[in-house]
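S.K.: The structure that follows is given in the form of structure tokens.
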């Protein structure tokens, strides 16, 4: 695997952003979404809350980044992608930033991962996994945008992630206790969060959602008849349904598979597959034990 550039100076990043051809940038203020930050993004880019992250995107450029208060382990990410061989190319790496070019769904796209300290807080900024930025100019623009995060002068009335500011740092809200209840659907039994709203009620799929933190995040449970009989089936389904990147697949008795997906920011996704059903559970990483209990509850009636 080739390392194209390591420890690039800030001057390179500024040149990379200013030299992005027809990509003109403008500051986007994220205060309304709960982050006291400005980010340079393509002109016309929009910012929105996406669970416990702020998403900044300009679809016409395949530019999409997410920002939250949970830093990534850059060294661990680099080591992981190093092991993927020809599938992943390390384009740039240093202690606080990583830019890769990775083959996903038959095409090679750029993904940036950056930790940025702004004032007393450290933020995580990374490419949204569904951006599919195949142009190197866009990949470098996302990297430079993340590294260029800076303070906003606009007051933040509702900080992202909850909690109150203390000494300049945000204290994360403690994970709320979730009570589970048993239900039957699609010929199986499972546990779902008590009080969850049913979003989908189709003959082949059911989905429930329990909002947390004022609706900023949610625990979501999706049950379908899209079963799988092998790890290859599971990986194919995950790609086709854009579920994310699989970290581990563990096979148990009776062709029952437990799947853990790579975290996306503060969000964690798990799944259980049987030959006849799939149960996908996702929510904040702080609720992982609840997600494990839900996914582990899938049973025949």
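In the numbering used here, the protein residues as written are 71 to 371.
Heads up, the beta-carbon is just placed ideally off N, CA and C, and yes, glycines get one too.
#1: Go through its chain and collect everything with a Cβ distance to residue 299's Cβ below 7 Å, but skip five positions before and after it.
#2: Counting only the same chain and skipping the five closest in sequence on each side, list residues whose C-beta sits under 6 Å from that of residue 341.
#3: Taking C-alpha atoms, which residue in 110, 360, 119 lies nearest to residue 260?
#4: Decide if residue 162 is buried, meaning its Cβ has at least 16 other Cβ atoms within 10 Å, or exposed.
#5: Kindly indicate which residue of 181, 246, 250 has the alpha-carbon position closest to the one of residue 50.
#6: Indicate the three-state DSSP secondary structure (helix, strand or coil) for residue 370 in the structure shown.
#7: List the DSSP bridge partners of residue 179.
#8: Would you mind sorting residue 241 into buried or exposed? The rule is 16 or more other CB atoms within 10 Å of its CB.
#9: Check whether the region 185 to 205 and the region 119 to 137 touch, using three or more Cβ-Cβ pairs below 8 Å as the test.
#10: Rounded to whole angstroms, how far is the Cβ of residue 270 from the Cβ of residue 353, which I believe are closer than 8 Å?
#11: If we call anything under 8 Å between Cβ atoms a contact, is residue 317 one with residue 331?
#12: Which residues share a DSSP beta bridge with residue 220?
#13: Give the DSSP bridge partners of residue 343, in chain order.
#14: Which residues bound the alpha helix (DSSP H) around residue 260?
#15: Roughly how many angstroms lie between the CA atoms of residue 348 and residue 297, to the nearest whole one?
#16: Let's test the definition: count the other Cβ atoms within 10 Å of the Cβ of residue 236 and tell me whether it reaches 16, buried, or not, exposed.
#17: By Cβ distance, which residues of its chain are closer than 7 Å to residue 370, with the 5 residues on each side in sequence left out?
#18: Indicate whether residue 172 and residue 157 have their beta-carbon atoms separated by less than 8 Å.
#19: With DSSP run on the structure shown, which of helix, strand or coil describes residue 226?
#20: Can you find a heavy atom of the ligand HEM that lies under 7 Å from the Cβ of residue 298?
#21: With C-beta atoms as the reference, is residue 184 less than 8 Å away from residue 230?
M.R.: On the basis of the data shown:
#1: Hits under 7 Å: 325, 345.
#2: Closer than 6 Å at Cβ, skipping near neighbours: 329, 350.
#3: When only C-alpha atoms are compared, the closest one is 360.
#4: It is buried - the Cβ of residue 162 has at least 16 other Cβ atoms within 10 Å.
#5: The shown model of the chain, from 71 to 371, leaves out residue 50, and the question about it has no answer.
#6: Residue 370 falls in the strand class under three-state DSSP.
#7: In DSSP, residue 179 forms a bridge with 172.
#8: With a pLDDT of 37 at residue 241, under the threshold of 50, the predicted position of this residue should be treated as unreliable, though the coordinate-derived value follows. Residue 241 should be labelled exposed.
#9: A contact exists between the region 185 to 205 and the region 119 to 137.
#10: The beta-carbon distance between residue 270 and residue 353, rounded to whole angstroms, is 17 Å. This is too long to meet the 8 Å contact definition.
#11: Between residue 317 and residue 331, the CB-CB gap stays under 8 Å.
#12: Per DSSP, 108.
#13: Its beta-bridge partners are 327, 348.
#14: In the DSSP assignment, residue 260 falls outside any alpha helix (DSSP H) and within the unbroken beta strand (DSSP E) covering 258 to 263.
#15: The straight-line gap separating the alpha-carbon atoms of residue 348 and residue 297 is approximately 5 Å.
#16: Residue confidence for residue 236 is low, a pLDDT of 30 falling below 50, so the modelled location carries little weight; the figure read from the coordinates is stated next. Exposed.
#17: Within the same chain, Cβ atoms closer than 7 Å to the Cβ of residue 370 are found at 258, the five residues on either side in sequence being excluded.
#18: Cβ atoms of residue 172 and residue 157: closer than 8 Å.
#19: Note: residue 226 maps to coil in three-state DSSP.
#20: This structure simply doesn't include the ligand HEM, nor any ligand for that matter.
#21: No, they are not a contact pair.
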